[in-house]
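Going by numbering that gives the first Met the number 0, the first residue of the sequence shown is number 0, and it counts up by one from there.
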Amino acid sequence: MPSFDAIVIGGGHNGLAAAALLGKAGRKVVLLEADATLGGAARTVEFHPGFRASEVAHLVTHLPVRVIDELGLARHGLDIAGPSLPSIALERSGRHLVVTAGDVGGDVAEGEAAAFHDLNRKLALFAATLKPALAKAPPRLATRDRQSALSLARLGLDIRRLGRRDMRELLRMILMNIADVLDEELTDDRLKGLVAFDATLGTHLGPMSPGSLLSYLYRLAGDVAGAPQRLILPKGGMGSVILALAGAAKAAGVLLRPGAPVERILVEGGRARGVVLEGGEKIEARLVVSAANPRQTLLDMVGARALDTDVVRRVSAIRMNGNAGRLLVALDGLPEIAGLDRDRLAARMVIAPSMRAVEEAFNPAKYGELPERPVMEMVLPSISDPSLAPAGRHVLSVTMQFVPYRLTGGWSEAAREELKARVLSEIEAHLPGIGRLVRHAELMTPADIERRCRMPGGHWHHGEMTVDQMFFLRPFQAAAQYSTPIDGLYLAGAGSHPGGNVMGLAAMNAVRTILETEGRR
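And the structure:
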(Lines of atoms letter the chains of each structure in order from A; the text may use other names.)
(Lines give C-alpha, C1' and ligand atoms only; values in the text may rest on other atoms or scores of the structure.)
Protein backbone atom coordinates (compact mmCIF):
# COMPACT_ATOMS: atom_id res chain seq x y z
CA MET A 0 0.00 0.00 0.00
CA PRO A 1 1.56 3.38 -1.00
CA SER A 2 2.19 5.70 1.94
CA PHE A 3 2.49 9.50 2.14
CA ASP A 4 2.75 12.19 4.78
CA ALA A 5 -0.37 13.84 3.41
CA ILE A 6 -3.16 13.13 0.94
CA VAL A 7 -4.92 16.13 -0.59
CA ILE A 8 -8.39 15.46 -2.00
CA GLY A 9 -9.50 17.76 -4.81
CA GLY A 10 -7.54 19.30 -7.67
CA GLY A 11 -9.18 22.70 -7.78
CA HIS A 12 -7.21 25.83 -6.95
CA ASN A 13 -7.40 25.33 -3.16
CA GLY A 14 -6.37 21.68 -3.37
CA LEU A 15 -3.40 22.50 -5.59
CA ALA A 16 -2.35 25.38 -3.33
CA ALA A 17 -2.61 23.21 -0.19
CA ALA A 18 -0.60 20.41 -1.80
CA ALA A 19 2.09 22.82 -2.99
CA LEU A 20 2.41 24.45 0.44
CA LEU A 21 2.64 21.09 2.22
CA GLY A 22 5.22 19.96 -0.31
CA LYS A 23 7.26 23.12 0.28
CA ALA A 24 7.13 22.35 4.01
CA GLY A 25 8.91 19.05 3.32
CA ARG A 26 5.94 16.71 3.36
CA LYS A 27 5.55 13.83 0.93
CA VAL A 28 2.21 14.63 -0.72
CA VAL A 29 -0.14 13.06 -3.24
CA LEU A 30 -3.06 15.03 -4.69
CA LEU A 31 -6.11 13.06 -5.83
CA GLU A 32 -8.55 14.61 -8.29
CA ALA A 33 -11.68 12.73 -9.37
CA ASP A 34 -11.91 14.35 -12.77
CA ALA A 35 -9.51 13.59 -15.60
CA THR A 36 -8.59 17.30 -15.68
CA LEU A 37 -7.30 19.45 -12.83
CA GLY A 38 -8.89 22.77 -12.01
CA GLY A 39 -12.44 22.18 -10.84
CA ALA A 40 -14.57 25.25 -11.49
CA ALA A 41 -11.53 27.29 -12.57
CA ARG A 42 -10.43 25.24 -15.56
CA THR A 43 -10.48 26.40 -19.18
CA VAL A 44 -12.50 24.11 -21.48
CA GLU A 45 -13.18 23.78 -25.19
CA PHE A 46 -16.97 24.12 -25.35
CA HIS A 47 -17.18 24.13 -29.17
CA PRO A 48 -14.53 23.11 -31.71
CA GLY A 49 -11.86 25.83 -31.67
CA PHE A 50 -13.59 27.88 -28.93
CA ARG A 51 -12.29 27.85 -25.34
CA ALA A 52 -13.47 29.61 -22.19
CA SER A 53 -13.27 29.47 -18.42
CA GLU A 54 -15.88 26.91 -17.41
CA VAL A 55 -17.36 28.56 -14.30
CA ALA A 56 -15.11 31.21 -12.70
CA HIS A 57 -14.09 33.62 -15.44
CA LEU A 58 -12.56 36.62 -13.63
CA VAL A 59 -9.82 36.99 -11.02
CA THR A 60 -10.99 39.25 -8.20
CA HIS A 61 -9.34 37.77 -5.08
CA LEU A 62 -5.74 36.57 -5.56
CA PRO A 63 -3.52 38.05 -2.84
CA VAL A 64 0.13 38.83 -3.43
CA ARG A 65 1.17 36.51 -0.58
CA VAL A 66 -0.36 33.53 -2.41
CA ILE A 67 1.26 34.54 -5.70
CA ASP A 68 4.67 35.08 -4.11
CA GLU A 69 4.76 32.15 -1.70
CA LEU A 70 3.90 29.70 -4.46
CA GLY A 71 5.98 31.47 -7.12
CA LEU A 72 3.04 31.54 -9.53
CA ALA A 73 4.67 34.09 -11.84
CA ARG A 74 7.64 31.72 -12.30
CA HIS A 75 5.16 29.02 -13.28
CA GLY A 76 3.58 31.08 -16.04
CA LEU A 77 0.80 33.10 -14.42
CA ASP A 78 0.31 36.37 -16.30
CA ILE A 79 -2.01 38.84 -14.58
CA ALA A 80 -0.16 41.96 -15.63
CA GLY A 81 -3.02 43.25 -17.75
CA PRO A 82 -5.05 46.33 -16.80
CA SER A 83 -7.98 46.10 -14.45
CA LEU A 84 -11.24 45.74 -16.36
CA PRO A 85 -13.79 48.49 -15.91
CA SER A 86 -17.39 47.47 -15.31
CA ILE A 87 -19.89 48.84 -17.80
CA ALA A 88 -23.53 49.14 -16.77
CA LEU A 89 -25.26 48.60 -20.11
CA GLU A 90 -28.36 50.61 -20.93
CA ARG A 91 -30.64 49.82 -23.89
CA SER A 92 -30.60 53.36 -25.26
CA GLY A 93 -26.79 53.48 -25.19
CA ARG A 94 -26.45 55.63 -22.05
CA HIS A 95 -23.89 53.28 -20.53
CA LEU A 96 -21.99 53.92 -17.31
CA VAL A 97 -18.31 53.00 -17.01
CA VAL A 98 -17.24 52.23 -13.46
CA THR A 99 -13.66 51.63 -12.29
CA ALA A 100 -13.23 51.18 -8.53
CA GLY A 101 -14.79 54.33 -7.05
CA ASP A 102 -14.96 56.36 -10.24
CA VAL A 103 -17.90 56.53 -12.63
CA GLY A 104 -17.99 57.96 -16.12
CA GLY A 105 -20.83 58.60 -18.50
CA ASP A 106 -24.00 60.61 -18.53
CA VAL A 107 -24.77 60.95 -14.81
CA ALA A 108 -26.59 63.62 -12.86
CA GLU A 109 -24.62 66.40 -11.25
CA GLY A 110 -23.11 65.22 -7.98
CA GLU A 111 -23.85 61.52 -8.59
CA ALA A 112 -20.25 60.62 -9.47
CA ALA A 113 -19.02 62.35 -6.31
CA ALA A 114 -21.67 60.61 -4.21
CA PHE A 115 -20.63 57.23 -5.60
CA HIS A 116 -16.96 57.99 -5.00
CA ASP A 117 -17.70 58.87 -1.37
CA LEU A 118 -19.83 55.75 -0.86
CA ASN A 119 -17.15 53.53 -2.38
CA ARG A 120 -14.50 55.15 -0.17
CA LYS A 121 -16.55 54.49 2.95
CA LEU A 122 -17.40 50.88 2.06
CA ALA A 123 -13.82 50.16 0.93
CA LEU A 124 -12.62 51.45 4.31
CA PHE A 125 -15.01 49.07 6.11
CA ALA A 126 -13.89 46.20 3.87
CA ALA A 127 -10.23 46.96 4.58
CA THR A 128 -10.95 46.67 8.30
CA LEU A 129 -12.38 43.18 7.81
CA LYS A 130 -9.78 42.12 5.24
CA PRO A 131 -7.01 40.99 7.65
CA ALA A 132 -9.43 38.41 9.06
CA LEU A 133 -9.55 36.66 5.67
CA ALA A 134 -5.88 35.69 5.78
CA LYS A 135 -5.90 33.89 9.14
CA ALA A 136 -7.80 31.12 10.85
CA PRO A 137 -10.91 32.50 12.54
CA PRO A 138 -10.83 32.68 16.33
CA ARG A 139 -12.54 30.09 18.49
CA LEU A 140 -15.46 31.41 20.47
CA ALA A 141 -16.21 30.53 24.10
CA THR A 142 -12.66 29.33 24.71
CA ARG A 143 -9.72 30.36 26.83
CA ASP A 144 -7.37 29.90 23.90
CA ARG A 145 -4.93 32.83 24.05
CA GLN A 146 -4.47 33.06 20.26
CA SER A 147 -8.21 33.30 19.68
CA ALA A 148 -8.54 36.00 22.31
CA LEU A 149 -5.73 37.99 20.67
CA SER A 150 -7.32 37.60 17.25
CA LEU A 151 -10.64 38.93 18.49
CA ALA A 152 -8.88 41.79 20.26
CA ARG A 153 -7.02 42.75 17.07
CA LEU A 154 -10.27 42.80 15.09
CA GLY A 155 -11.85 45.03 17.73
CA LEU A 156 -8.81 47.30 17.68
CA ASP A 157 -8.91 47.56 13.88
CA ILE A 158 -12.55 48.60 14.07
CA ARG A 159 -11.78 51.10 16.82
CA ARG A 160 -9.05 52.65 14.68
CA LEU A 161 -11.68 53.71 12.18
CA GLY A 162 -12.44 56.58 14.50
CA ARG A 163 -15.65 57.28 16.33
CA ARG A 164 -17.72 58.38 13.35
CA ASP A 165 -16.73 55.59 10.93
CA MET A 166 -16.84 52.94 13.67
CA ARG A 167 -20.40 53.88 14.53
CA GLU A 168 -21.30 53.91 10.85
CA LEU A 169 -19.85 50.42 10.33
CA LEU A 170 -21.73 49.03 13.33
CA ARG A 171 -24.93 50.69 12.09
CA MET A 172 -24.62 49.37 8.59
CA ILE A 173 -22.95 45.95 8.87
CA LEU A 174 -26.17 43.88 8.75
CA MET A 175 -28.13 46.20 6.47
CA ASN A 176 -29.27 45.27 3.02
CA ILE A 177 -27.52 46.87 0.07
CA ALA A 178 -30.80 48.36 -1.21
CA ASP A 179 -31.22 50.60 1.82
CA VAL A 180 -27.58 51.70 1.62
CA LEU A 181 -27.87 52.60 -2.06
CA ASP A 182 -31.15 54.43 -1.57
CA GLU A 183 -29.49 56.51 1.16
CA GLU A 184 -26.58 57.55 -1.05
CA LEU A 185 -27.41 57.33 -4.79
CA THR A 186 -30.16 58.23 -7.23
CA ASP A 187 -29.05 56.77 -10.60
CA ASP A 188 -30.86 53.49 -11.34
CA ARG A 189 -28.05 52.21 -13.56
CA LEU A 190 -25.44 52.70 -10.87
CA LYS A 191 -27.61 51.18 -8.16
CA GLY A 192 -28.37 48.21 -10.41
CA LEU A 193 -24.67 47.54 -10.99
CA VAL A 194 -23.79 47.64 -7.30
CA ALA A 195 -26.85 45.57 -6.35
CA PHE A 196 -25.82 42.93 -8.90
CA ASP A 197 -22.26 42.79 -7.51
CA ALA A 198 -23.55 42.52 -3.94
CA THR A 199 -25.71 39.50 -4.73
CA LEU A 200 -23.67 37.65 -7.38
CA GLY A 201 -23.19 34.01 -6.40
CA THR A 202 -25.57 34.24 -3.43
CA HIS A 203 -29.20 33.43 -2.67
CA LEU A 204 -29.82 37.04 -1.70
CA GLY A 205 -31.66 39.90 -3.33
CA PRO A 206 -30.69 43.55 -2.82
CA MET A 207 -33.39 43.82 -0.15
CA SER A 208 -32.23 40.71 1.72
CA PRO A 209 -30.61 41.34 5.13
CA GLY A 210 -26.86 40.79 4.96
CA SER A 211 -26.45 41.73 1.30
CA LEU A 212 -24.22 44.65 2.34
CA LEU A 213 -21.89 42.20 4.10
CA SER A 214 -21.72 40.21 0.86
CA TYR A 215 -20.66 43.39 -0.95
CA LEU A 216 -17.99 44.16 1.67
CA TYR A 217 -16.59 40.67 1.14
CA ARG A 218 -16.29 41.46 -2.57
CA LEU A 219 -14.58 44.79 -1.84
CA ALA A 220 -12.13 43.09 0.53
CA GLY A 221 -10.57 41.21 -2.37
CA ASP A 222 -7.45 42.28 -4.21
CA VAL A 223 -5.33 40.96 -7.06
CA ALA A 224 -1.56 41.11 -6.47
CA GLY A 225 -2.07 43.81 -3.86
CA ALA A 226 -4.37 46.04 -5.93
CA PRO A 227 -7.87 46.37 -4.42
CA GLN A 228 -11.08 46.28 -6.50
CA ARG A 229 -9.19 44.86 -9.47
CA LEU A 230 -10.80 42.66 -12.15
CA ILE A 231 -8.45 40.59 -14.29
CA LEU A 232 -8.94 38.31 -17.28
CA PRO A 233 -5.83 36.11 -17.07
CA LYS A 234 -4.18 35.21 -20.36
CA GLY A 235 -5.33 31.71 -21.30
CA GLY A 236 -8.45 31.97 -19.15
CA MET A 237 -8.75 30.83 -15.55
CA GLY A 238 -7.05 27.59 -16.57
CA SER A 239 -3.77 29.52 -16.61
CA VAL A 240 -4.12 30.00 -12.84
CA ILE A 241 -4.56 26.24 -12.49
CA LEU A 242 -1.53 25.51 -14.67
CA ALA A 243 0.60 27.81 -12.52
CA LEU A 244 -0.63 26.16 -9.31
CA ALA A 245 -0.01 22.70 -10.76
CA GLY A 246 3.49 23.81 -11.70
CA ALA A 247 4.11 25.02 -8.17
CA ALA A 248 2.86 21.71 -6.75
CA LYS A 249 5.10 19.67 -9.06
CA ALA A 250 8.09 21.84 -8.17
CA ALA A 251 7.37 21.08 -4.50
CA GLY A 252 7.49 17.34 -5.21
CA VAL A 253 3.75 16.70 -5.12
CA LEU A 254 2.46 13.66 -7.00
CA LEU A 255 -0.57 14.81 -9.01
CA ARG A 256 -3.13 12.10 -9.79
CA PRO A 257 -6.12 13.28 -11.86
CA GLY A 258 -8.72 10.63 -12.61
CA ALA A 259 -8.45 9.23 -9.07
CA PRO A 260 -11.85 9.64 -7.35
CA VAL A 261 -11.87 9.02 -3.61
CA GLU A 262 -14.63 6.70 -2.46
CA ARG A 263 -13.91 6.65 1.25
CA ILE A 264 -11.64 8.20 3.87
CA LEU A 265 -10.18 5.51 6.12
CA VAL A 266 -10.88 6.22 9.79
CA GLU A 267 -9.39 4.03 12.51
CA GLY A 268 -9.52 4.80 16.21
CA GLY A 269 -11.05 8.20 15.52
CA ARG A 270 -8.21 9.26 13.21
CA ALA A 271 -7.90 9.53 9.44
CA ARG A 272 -5.39 6.96 8.16
CA GLY A 273 -5.73 7.29 4.38
CA VAL A 274 -8.24 6.82 1.59
CA VAL A 275 -9.79 4.17 -0.62
CA LEU A 276 -10.23 5.07 -4.29
CA GLU A 277 -13.10 3.97 -6.48
CA GLY A 278 -11.89 0.60 -7.71
CA GLY A 279 -10.46 -0.40 -4.34
CA GLU A 280 -6.92 1.06 -4.28
CA LYS A 281 -5.85 2.08 -0.77
CA ILE A 282 -3.41 4.88 0.05
CA GLU A 283 -2.10 5.49 3.57
CA ALA A 284 -1.14 8.84 5.04
CA ARG A 285 -0.69 10.53 8.39
CA LEU A 286 -2.88 13.42 7.24
CA VAL A 287 -5.84 13.79 4.90
CA VAL A 288 -6.61 17.29 3.65
CA SER A 289 -9.86 17.77 1.73
CA ALA A 290 -10.47 20.71 -0.57
CA ALA A 291 -13.78 19.13 -1.56
CA ASN A 292 -17.12 20.38 -0.30
CA PRO A 293 -17.57 19.82 3.50
CA ARG A 294 -20.71 17.75 2.91
CA GLN A 295 -18.94 15.49 0.42
CA THR A 296 -15.98 15.13 2.76
CA LEU A 297 -17.79 14.35 5.99
CA LEU A 298 -21.00 12.64 4.91
CA ASP A 299 -19.96 10.88 1.70
CA MET A 300 -16.29 10.08 2.28
CA VAL A 301 -16.13 9.71 6.07
CA GLY A 302 -19.73 8.60 6.56
CA ALA A 303 -22.31 9.45 9.18
CA ARG A 304 -21.47 6.39 11.30
CA ALA A 305 -18.06 7.85 12.21
CA LEU A 306 -19.54 11.20 13.30
CA ASP A 307 -21.59 12.48 16.21
CA THR A 308 -25.27 13.03 15.51
CA ASP A 309 -24.89 16.78 16.09
CA VAL A 310 -22.07 17.00 13.52
CA VAL A 311 -24.18 15.12 10.95
CA ARG A 312 -27.07 17.48 11.60
CA ARG A 313 -24.92 20.60 11.22
CA VAL A 314 -23.21 19.40 8.04
CA SER A 315 -26.56 18.47 6.53
CA ALA A 316 -27.90 21.95 7.35
CA ILE A 317 -25.23 23.87 5.39
CA ARG A 318 -27.08 25.83 2.72
CA MET A 319 -25.37 25.28 -0.61
CA ASN A 320 -27.91 25.38 -3.41
CA GLY A 321 -26.35 27.39 -6.22
CA ASN A 322 -28.12 30.38 -7.69
CA ALA A 323 -26.02 31.26 -10.75
CA GLY A 324 -25.75 29.78 -14.22
CA ARG A 325 -23.33 30.07 -17.11
CA LEU A 326 -23.67 30.57 -20.84
CA LEU A 327 -20.68 30.12 -23.15
CA VAL A 328 -21.26 31.52 -26.63
CA ALA A 329 -19.20 30.97 -29.79
CA LEU A 330 -19.50 34.03 -32.03
CA ASP A 331 -18.72 34.37 -35.74
CA GLY A 332 -17.63 37.96 -35.23
CA LEU A 333 -17.39 40.84 -32.80
CA PRO A 334 -20.69 42.44 -31.76
CA GLU A 335 -21.19 46.18 -31.96
CA ILE A 336 -22.61 48.20 -29.11
CA ALA A 337 -23.81 51.75 -29.59
CA GLY A 338 -21.72 54.07 -27.48
CA LEU A 339 -18.83 51.64 -26.95
CA ASP A 340 -15.67 51.35 -29.04
CA ARG A 341 -13.69 48.12 -29.45
CA ASP A 342 -11.49 48.83 -26.42
CA ARG A 343 -14.56 49.11 -24.20
CA LEU A 344 -15.84 45.77 -25.49
CA ALA A 345 -12.93 44.17 -23.64
CA ALA A 346 -14.47 45.32 -20.35
CA ARG A 347 -16.83 43.52 -18.00
CA MET A 348 -20.37 44.31 -19.09
CA VAL A 349 -23.33 44.07 -16.71
CA ILE A 350 -27.01 43.89 -17.58
CA ALA A 351 -28.81 44.97 -14.40
CA PRO A 352 -30.72 48.10 -15.39
CA SER A 353 -31.85 48.99 -11.87
CA MET A 354 -31.88 47.76 -8.32
CA ARG A 355 -35.53 46.88 -8.73
CA ALA A 356 -34.67 44.79 -11.81
CA VAL A 357 -32.18 42.79 -9.70
CA GLU A 358 -34.76 42.25 -6.96
CA GLU A 359 -37.40 41.22 -9.49
CA ALA A 360 -34.99 38.72 -11.02
CA PHE A 361 -34.40 37.28 -7.54
CA ASN A 362 -38.06 36.87 -6.58
CA PRO A 363 -38.87 33.91 -8.88
CA ALA A 364 -35.74 32.03 -7.75
CA LYS A 365 -37.16 31.90 -4.20
CA TYR A 366 -39.90 29.67 -5.57
CA GLY A 367 -37.79 27.63 -7.99
CA GLU A 368 -38.83 29.59 -11.06
CA LEU A 369 -36.96 31.34 -13.87
CA PRO A 370 -36.60 35.13 -14.00
CA GLU A 371 -38.48 36.81 -16.83
CA ARG A 372 -35.57 39.19 -17.43
CA PRO A 373 -32.29 37.67 -16.18
CA VAL A 374 -29.52 39.89 -14.84
CA MET A 375 -25.97 38.98 -15.82
CA GLU A 376 -22.32 39.89 -16.32
CA MET A 377 -20.48 39.26 -19.60
CA VAL A 378 -16.93 39.37 -20.90
CA LEU A 379 -15.43 38.88 -24.35
CA PRO A 380 -12.11 37.30 -23.32
CA SER A 381 -11.07 36.59 -26.91
CA ILE A 382 -10.48 40.32 -27.51
CA SER A 383 -7.52 40.40 -25.14
CA ASP A 384 -6.60 36.73 -25.71
CA PRO A 385 -7.19 35.73 -29.35
CA SER A 386 -5.96 32.18 -28.61
CA LEU A 387 -9.40 31.39 -27.17
CA ALA A 388 -11.16 31.42 -30.57
CA PRO A 389 -10.39 30.90 -34.27
CA ALA A 390 -9.16 33.94 -36.19
CA GLY A 391 -11.88 36.55 -36.60
CA ARG A 392 -14.22 34.82 -34.18
CA HIS A 393 -14.92 35.42 -30.51
CA VAL A 394 -16.08 33.97 -27.22
CA LEU A 395 -18.76 35.53 -25.03
CA SER A 396 -18.68 34.33 -21.43
CA VAL A 397 -21.85 35.02 -19.42
CA THR A 398 -22.71 34.51 -15.76
CA MET A 399 -26.43 34.78 -15.01
CA GLN A 400 -27.62 35.44 -11.49
CA PHE A 401 -30.75 33.89 -9.92
CA VAL A 402 -30.87 30.60 -11.81
CA PRO A 403 -32.38 28.16 -9.26
CA TYR A 404 -30.68 24.85 -8.51
CA ARG A 405 -34.05 23.19 -7.99
CA LEU A 406 -36.37 24.33 -10.73
CA THR A 407 -40.08 23.69 -10.24
CA GLY A 408 -40.88 20.84 -12.59
CA GLY A 409 -37.21 19.95 -12.99
CA TRP A 410 -34.55 20.93 -15.52
CA SER A 411 -36.18 19.50 -18.63
CA GLU A 412 -34.78 20.24 -22.07
CA ALA A 413 -37.68 22.62 -22.62
CA ALA A 414 -36.82 24.51 -19.42
CA ARG A 415 -33.18 24.75 -20.45
CA GLU A 416 -34.09 26.10 -23.87
CA GLU A 417 -36.48 28.59 -22.28
CA LEU A 418 -33.74 29.95 -20.00
CA LYS A 419 -31.26 30.12 -22.88
CA ALA A 420 -33.79 32.00 -25.00
CA ARG A 421 -34.49 34.53 -22.23
CA VAL A 422 -30.79 35.17 -21.65
CA LEU A 423 -30.01 35.57 -25.35
CA SER A 424 -33.04 37.84 -25.79
CA GLU A 425 -31.83 40.11 -22.98
CA ILE A 426 -28.33 40.20 -24.48
CA GLU A 427 -29.78 41.00 -27.93
CA ALA A 428 -31.68 43.94 -26.43
CA HIS A 429 -28.39 45.47 -25.28
CA LEU A 430 -26.13 44.18 -28.08
CA PRO A 431 -28.42 44.45 -31.14
CA GLY A 432 -27.48 42.07 -33.93
CA ILE A 433 -25.48 39.66 -31.79
CA GLY A 434 -28.02 36.91 -32.50
CA ARG A 435 -26.80 36.73 -36.10
CA LEU A 436 -23.27 36.02 -34.84
CA VAL A 437 -24.16 33.12 -32.51
CA ARG A 438 -22.65 29.89 -33.82
CA HIS A 439 -23.17 27.85 -30.63
CA ALA A 440 -24.37 28.51 -27.07
CA GLU A 441 -23.77 26.13 -24.18
CA LEU A 442 -25.85 26.53 -21.02
CA MET A 443 -24.85 25.41 -17.53
CA THR A 444 -27.41 25.49 -14.74
CA PRO A 445 -26.38 24.96 -11.09
CA ALA A 446 -27.38 21.32 -11.58
CA ASP A 447 -24.91 21.09 -14.48
CA ILE A 448 -22.19 22.76 -12.41
CA GLU A 449 -22.85 20.20 -9.66
CA ARG A 450 -22.43 17.33 -12.10
CA ARG A 451 -19.47 18.66 -14.06
CA CYS A 452 -17.49 20.15 -11.17
CA ARG A 453 -18.63 17.76 -8.40
CA MET A 454 -20.04 20.61 -6.31
CA PRO A 455 -23.13 19.72 -4.28
CA GLY A 456 -25.88 22.15 -5.16
CA GLY A 457 -23.73 23.65 -7.91
CA HIS A 458 -22.66 26.39 -5.49
CA TRP A 459 -19.25 27.76 -6.44
CA HIS A 460 -18.60 28.94 -2.86
CA HIS A 461 -19.29 25.42 -1.48
CA GLY A 462 -21.96 27.04 0.70
CA GLU A 463 -23.81 30.33 1.04
CA MET A 464 -21.74 33.35 2.07
CA THR A 465 -24.15 34.71 4.67
CA VAL A 466 -23.55 35.95 8.19
CA ASP A 467 -24.46 32.59 9.74
CA GLN A 468 -22.06 30.74 7.40
CA MET A 469 -19.04 33.06 7.47
CA PHE A 470 -15.94 33.61 9.58
CA PHE A 471 -15.97 31.49 12.78
CA LEU A 472 -19.23 29.82 11.70
CA ARG A 473 -17.92 28.46 8.38
CA PRO A 474 -18.72 25.69 7.55
CA PHE A 475 -19.97 25.12 11.12
CA GLN A 476 -18.52 25.96 14.50
CA ALA A 477 -16.89 22.59 15.27
CA ALA A 478 -14.90 22.71 12.00
CA ALA A 479 -14.37 26.45 11.62
CA GLN A 480 -10.60 26.31 12.17
CA TYR A 481 -9.99 23.75 9.35
CA SER A 482 -9.70 20.76 11.70
CA THR A 483 -12.64 18.36 11.87
CA PRO A 484 -14.08 16.03 14.53
CA ILE A 485 -11.85 13.35 12.95
CA ASP A 486 -8.20 13.69 14.04
CA GLY A 487 -5.83 14.07 11.12
CA LEU A 488 -8.61 15.18 8.73
CA TYR A 489 -8.61 18.83 7.69
CA LEU A 490 -10.72 21.01 5.40
CA ALA A 491 -9.01 23.38 2.97
CA GLY A 492 -11.63 24.31 0.39
CA ALA A 493 -14.04 27.13 -0.35
CA GLY A 494 -16.48 25.71 2.20
CA SER A 495 -14.10 26.87 4.91
CA HIS A 496 -13.10 30.40 5.92
CA PRO A 497 -12.74 32.78 4.12
CA GLY A 498 -14.95 31.20 1.45
CA GLY A 499 -15.21 31.22 -2.30
CA ASN A 500 -13.48 32.98 -5.19
CA VAL A 501 -10.17 31.92 -6.69
CA MET A 502 -7.78 33.19 -4.03
CA GLY A 503 -6.13 30.26 -2.22
CA LEU A 504 -6.47 31.75 1.28
CA ALA A 505 -8.54 28.83 2.59
CA ALA A 506 -5.68 26.51 1.58
CA MET A 507 -3.00 28.80 3.01
CA ASN A 508 -4.83 29.23 6.33
CA ALA A 509 -5.50 25.50 6.54
CA VAL A 510 -1.88 24.50 5.89
CA ARG A 511 -0.65 26.94 8.50
CA THR A 512 -3.09 25.39 10.99
CA ILE A 513 -2.01 21.86 10.01
CA LEU A 514 1.68 22.55 10.44
CA GLU A 515 1.11 24.19 13.82
CA THR A 516 -1.26 21.49 15.08
CA GLU A 517 0.60 18.43 13.84
CA GLY A 518 3.91 19.92 14.90
CA ARG A 519 2.71 19.83 18.51
CA ARG A 520 1.91 16.11 18.33
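In this text, a Cβ means the ideal position worked out from N, Cα and C, and glycines have one as well.
- Collapsing the DSSP output to three states places Pro227 in a strand.
- Inside the region 267-324, DSSP marks whole alpha helix (DSSP H) runs of 4 or more residues at positions 308-315, from first to last along the chain.
- Under the three-state reduction of DSSP, Ile6 is assigned to strand.
- Boundaries of the beta strand (DSSP E) around Ser396: 393-400.
- The C-beta distance from Ala195 to Leu212 rounds to 11 Å, too long to fall under 8 Å, and the pair is not in contact.
- In the three-state DSSP reduction, Phe125 falls in the helix class (H, G or I).
- One thing to note: Leu265 has its Cβ no nearer than 8 Å to the Cβ of Val253.
- In terms of CA proximity to Val223, Asp78 leads the group Glu183, Asp78, Gly101, Met166.
- Under DSSP, the beta-bridge partners assigned to Thr43 are Ser53.
- According to the DSSP secondary-structure assignment, Leu339 is paired through a beta bridge with Ile336.
- For the 8 Å CB-CB criterion, Arg372 and Ala388 do not form a contact.
- Membership of Ala88 in the beta strand (DSSP E) is indicated by the continuous run 86-88.
- The beta-carbon separation of Met354 and Leu204, rounded to 13 Å, does not stay under the 8 Å limit for a contact.
- Taking 8 Å as the cut-off, the beta carbon of Val55 is found closer than this to the beta carbon of Ala40.
- A straight-line Cα-Cα distance of about 45 Å links Arg42 and Arg164.
- Looking at Gly409, Leu430, Leu190, Gly434, the one whose alpha-carbon comes closest to that of Ala420 is Gly434.
- About 11 Å separates the Cβ atoms of Ala440 and Val394, ruling out a contact at the 8 Å cut-off.
- Rounded to the nearest whole angstrom, the C-alpha separation of Gly503 and Arg218 is 15 Å.
- Around the beta carbon of Tyr366, a 10 Å sphere encloses fewer than 16 other beta carbons of the protein chains shown; the residue is thus reported as exposed.
- Residue range 354-364 is occupied by the alpha helix (DSSP H) that includes Met354.
- Distance from the CA of Val7 to the CA of Ala284, rounded to the nearest whole angstrom, comes to 10 Å.
- In this structure His57 does not touch Ser381 by the C-beta definition: roughly 12 Å separates them, more than the 8 Å allowed.
- Boundaries of the beta strand (DSSP E) harbouring Tyr489: 488-490, taken from the DSSP string.
- Ranked by how close their Cα comes to the Cα of Val64, the residues Lys23, Gly101, Ala134 have Ala134 in first place.
- Inclusion of Thr128 and Ile177 in the CB contact set at 8 Å is not warranted, their separation being larger than that value.
- By the neighbour-count definition (other C-beta atoms within 10 Å, threshold 16), Ser386 is an exposed residue.
- Pro445 is a Cβ neighbour of Gly324, given a cutoff of 8 Å.
- Straight through space, the alpha carbons of Ser214 and Gly221 are spaced by roughly 12 Å.
- Cβ atoms of Ala364 and Ala17 stay farther apart than 8 Å, at about 33 Å.
- Residue state for Val501 is assigned as coil, using DSSP reduced to three classes.
- Each residue's CA atom was taken as its position, placing Ala493 and Ala73 some 23 Å apart.
- In the pairwise beta carbon analysis, the region 309-322 is classified as not touching the region 408-418: fewer than three pairs are separated by under 8 Å.
- For Ser83, the closest alpha carbon among the candidates Gly225, Gly192, Thr202 is that of Gly225.
- The Cβ-Cβ distance between Pro474 and Gln480 does not fall below 8 Å.
- Residue burial is scored here from C-beta neighbours: Asp340 has fewer than 16 other C-beta atoms within 10 angstroms and is therefore classed as exposed.
- Around the C-beta of Glu90, 16 or more other C-beta atoms lie within 10 Å, and the residue is accordingly described as buried.
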